[in-house]
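To start, the structure itself, in structure tokens.
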Amino acid sequence: MDSADVGRAAGAAARAVLARAGYADTTLKAVASAAGIAPDVLASLYRNREELLRAALQLPFDPTSAVPRLVGPGLDGMGERLVRAALAVMESDQMRSDIAYVGRAASGGLGSAGGSVDVVGLVRGAFDFVQDTVVDRALESLGVPDARMRGALITSYLAGVMSTRYVVKMEPLASASDDEVVALVAPLIQRTLDPRNPLREA
């Protein structure tokens, strides 16, 4: 196989492993085994699992470089930057297709779009990937208390907003500009980030 064939096989295997085993167990070794590719060949194409999953999920940004850009300006404005990052994730046609399939599965209209991959598991793994590599790391690097819980709340809220906007296409959210979405959603995200707002009563 040439490098393009290896890349396609690795991408398909990464999606299958992510759907079946979850993000924590999606390693380069596991993907290489599933794809029938020697681990050193896979490692020659992808430096780490984050790079592999970015390619497999067709994400429009590199999570490794996203965190410094998010945290560089500090906590102020982080809500806006996270919403814009979520909007960037939804530029991926593959991500929109996967989330749309989950919606059809939930309503009973499965069809055949998912193929042999558990797309519900895949989307769950994709959200775990983005939360772990971007949201959690950004919050932890800023020293935000209860970072894991705040990250889960933020990821859940943004996933709902983006699904409603791009998959369900509920109006007027679907037709709103990116700037309008940011103006509406960012303040809530910022409040969730603010350490002055405890998640639990003392």
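When the letters of the sequence shown are read in order and numbered with the working numbering, they come out as residues 57 to 258. Idealized CB from N, CA, C, for every residue including glycine.
Is residue j closer than 8 Å to residue i when the C-beta atoms are compared?
i: GLY63; j: GLY181; result: no
i: GLY135; j: GLN246; result: yes
i: ALA91; j: ASP174; result: no
i: VAL123; j: SER197; result: yes
i: ALA70; j: LEU101; result: no
i: ALA141; j: VAL190; result: yes
i: VAL73; j: VAL87; result: yes
i: VAL176; j: PRO251; result: no
i: VAL326; j: LEU214; result: The structure shown does not extend to residue 326, since the chain spans only 57 to 258, so no value can be given for it.
Using a 10 Å radius around the Cβ and a threshold of 16 neighbouring Cβ atoms, would you call residue i buried or exposed?
i: PRO119; result: buried
i: LEU255; result: exposed
i: SER168; result: Because SER168 sits at a pLDDT of 41, beneath the cut-off of 50, its placement in the model cannot be relied upon, and the following sentence gives the value as read from the coordinates. That one is exposed.
i: MET218; result: buried
i: ASP192; result: buried
i: THR220; result: exposed
i: ASP61; result: exposed
i: ARG206; result: buried
i: ARG137; result: buried
Quick check on DSSP: helix, strand or coil for residue i?
i: LYS85; result: helix
i: LEU178; result: helix
i: LEU101; result: helix
i: ARG256; result: coil
i: ASP132; result: coil
i: MET151; result: helix
i: GLU227; result: coil
i: SER168; result: Any answer about SER168 is weak, because its pLDDT of 41 lies below 50 and its placement is not dependable; what the coordinates show is given next. The answer is coil: DSSP assigns SER168 none of H, G, I, E or B.
i: PHE183; result: helix
i: PRO201; result: coil
i: MET146; result: coil
i: GLN246; result: helix
Per the contact definition of three or more C-beta pairs closer than 8 Å, is the region 174-190 in contact with the region 106-117?
The answer is yes - the region 174-190 touches the region 106-117, with three or more Cβ pairs under 8 Å.
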